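Notes follow the structure.
There are 2 protein chains.
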Amino acid sequence: MLGFAERLVEAVRRFKTPLCVGIDPRWDQIPLAVRQPFGGAVPNSLEAVALAYETFCGRVLELVAGKVGVVKFQVAFFEQCGSHGIACLERLLVKARELGLLNIQDGKRNDIASTATAYAEAAFGGPSFGGKRFLVHSIDAITVNPYLGSDAVEPFIQQARSFQGGIFILVRTSNPGAGLFQDLMCPEEKLYRQVAKLVESFNLGNSGPAGFGDVGAVVGATYPAELAELRQLMPNTLFLVPGYGAQGASASDLAGAFRPDGTGAVINSGRAITFAAKTNQPDWESQLEMACEKAKGELAEVCPL
Amino acid sequence: MLGFAERLVEAVRRFKTPLCVGIDPRWDQIPLAVRQPFGGAVPNSLEAVALAYETFCGRVLELVAGKVGVVKFQVAFFEQCGSHGIACLERLLVKARELGLLNIQDGKRNDIASTATAYAEAAFGGPSFGGKRFLVHSIDAITVNPYLGSDAVEPFIQQARSFQGGIFILVRTSNPGAGLFQDLMCPEEKLYRQVAKLVESFNLGNSGPAGFGDVGAVVGATYPAELAELRQLMPNTLFLVPGYGAQGASASDLAGAFRPDGTGAVINSGRAITFAAKTNQPDWESQLEMACEKAKGELAEVCPL
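So, in structure tokens, the structure goes:
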């Protein structure tokens, strides 16, 4: 199998779009018709919520599978359903792969090296118990938080590379208060640029034919100047860009994310696509498809693929 | 119910020890006798691993319940068993509470505010679907990573406070490479001190009768000078201190963590207690109890409770 960076660039080129559809299920926003067998407005149980998520998200995957190459699952919304939610997420990750979609699991995990290894094994390849390997999740890439430093990030990289997976390290997040620590001068350069340099260093000498390594960066679309600046600072690093759509960034904010050939970034949009319809609208599937095509059209204006 | 800080200080005083037992199950280190029904050296399935973890960790909780007031669960090792592991963790959290143990779920979660809220609801009080609340985890406190800044941490604090829970924000982690970013001068003071000041600010005006607020800090025992310095900088903040025991810090490294009255910190020790015995030793329970008493004795030397 090709490495993650090659597979991501290939997926972006195949569908001629950097769009990544974000799978962030929220009970109250799912079409009522989908919720009906699971209790309607009020769910029967946590397991019913998880099963409704599986039905809805499974259908979303089918609807977008011919249109985009990448999807991102936000773990928090599945954790809200406890173990039922995790079981549902496991099956959805498999389904995404079966549909030919690359999947990113957005859990922003982080810990000291021995524990980071445990997380990384669960994500890539599966842990080994008594010398036997057990597959847990079928994941292509995960997100990782860098606060603990390089030795805490490296186990994720090693395990990802061993199984043709990738990681995206948080560099510049999309939230309004992202700068509180990330913008501190440390001492002559901002913290997020220090993190960016670490990320890029992992890719030096490790880039594939497409010119990127398997260690990506999360860079928010809500900070367009930083996005363009980081593209220069990290020429061999793939970006996962949140913030476009419901979080407020527009397509024109994204121009700086790409290389001249249009590669280099996937742009995530979740709610604006998956919840395009009101919950009582029977044509939610076609509205979702239209929202996906609309986003692709907007991105085509700024991404010269 | 009392707030989290009051409950933690009360638990520490009741058992006259700051010791917190870390629950970090690893298949290959669990007594063979416990693993036998689940496959012996090689487990039958991921579910069998989770059930062995539940048996072992459940017994650990029973053994330490009369000796310490607090336990910490490392989520990564349960995630290694997929949804089965999360189901097992859910039941162990309940069991810990039933045994009168305060529980800390160590998952180091972090995300933008709307997603942080989803994590926080899963941890404290349970999410609301269609206006009805569903309990997910029975958690007293969780760990949180601060890289995203204040607006991403606040949903955890709000939700915790609403349900008498607490959070511990990573300030100075225990890993060898912790300083890569945490020690950067930003621009005149190190990053971890900037994070420390944010944490302390959440507790100003929010401290209970014991003198602490519900927003704690993770500060590694492996950096004794920083531990003492942070105790001064954060007088109203409870510390969760990893690194004692298997990670290499000794009890004498911990003296700076406490207030003069011995309150202010819980000291985590996991593997050194739970895996005190070799896997083939039938007296593992008594060895575990002895290791727990030994740690309590060492800590009593430096903690004037």
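Protein chains in written order, with this note's numbering: chain A, 226 to 530; chain B, 226 to 530.
Each residue gets a CB set at the ideal place from its N, CA and C atoms; glycine is no exception.
All values derive from a computational prediction rather than experimental measurement.
Asked, Found
"Residue(s) in a DSSP beta bridge with residue 397(B)", "444(B)"
"Beta carbon proximity, residue 340(B) to chain A, threshold 8 Å", "yes"
"Counterpart residues of residue 241(B) in DSSP-defined beta bridges", "According to DSSP, residue 241(B) bridges with nothing at all."
"Residue 411(B) versus residue 421(A): straight-line alpha-carbon distance, rounded", "16 Å"
"Residue closest to residue 257(A), alpha-carbon to alpha-carbon, out of 522(A), 519(A), 489(A), 503(A)", "503(A)"
"Contacts around residue 304(B), its chain only, beta-carbon distance under 8 Å, and the 5 residues preceding and following it disregarded", "310, 311"
"Simplified DSSP assignment, three categories, for residue 426(A)", "helix"
"Chain A contact residues for residue 304(B), given Cβ-Cβ distances below 7 Å", "344, 347"
"DSSP-derived helix/strand/coil call for residue 280(A)", "helix"
"Interface flag, residue 252(A) vs chain B, CB-CB below 8 Å", "yes"
"Proximal residues of chain B, C-beta to C-beta of residue 271(A) below 8 Å", "359, 361"
"Every unbroken beta strand (DSSP E) within the region 285-373 of chain A, with a cutoff of 3 residues, ordered by chain", "295-299, 327-334, 366-369"
"Cβ-Cβ distance between residue 335(A) and residue 385(A) below 8 Å", "no"
"Residue range of the beta strand (DSSP E) that includes residue 492(A)", "490-494"
"Straight-line Cα distance separating residue 501(A) from residue 290(A)", "17 Å"
"Selection of the region 383-412 of chain B by Cβ proximity to chain A, strictly under 8 Å", "395, 398, 399, 400, 401, 402, 403, 404, 405, 406, 407, 409, 410, 411, 412"
"Residue 267(A) - DSSP class collapsed to helix/strand/coil", "coil"
"Under 9 Å from the C-beta of residue 371(B): neighbouring residues of chain A", "372, 405, 406"
"Contact set between residue 377(B) and chain A, taken where Cβ atoms lie within less than 7 Å", "400, 402"
"Span of the beta strand (DSSP E), counted from its first residue to its last, around residue 465(B)", "464-466"
"Residue 392(B) (DSSP reduced to helix, strand or coil)", "strand"
"Candidates 527(B), 268(B), 298(B), of which the one nearest residue 494(B) by Cα", "298(B)"
"Same chain only: Cβ atoms within 7 Å of residue 472(A), ignoring 5 sequence neighbours per side", "399, 447"
"Touching by the beta-carbon criterion (3+ pairs, under 8 Å), the region 516-528 of chain B and the region 310-324 of chain B", "no"
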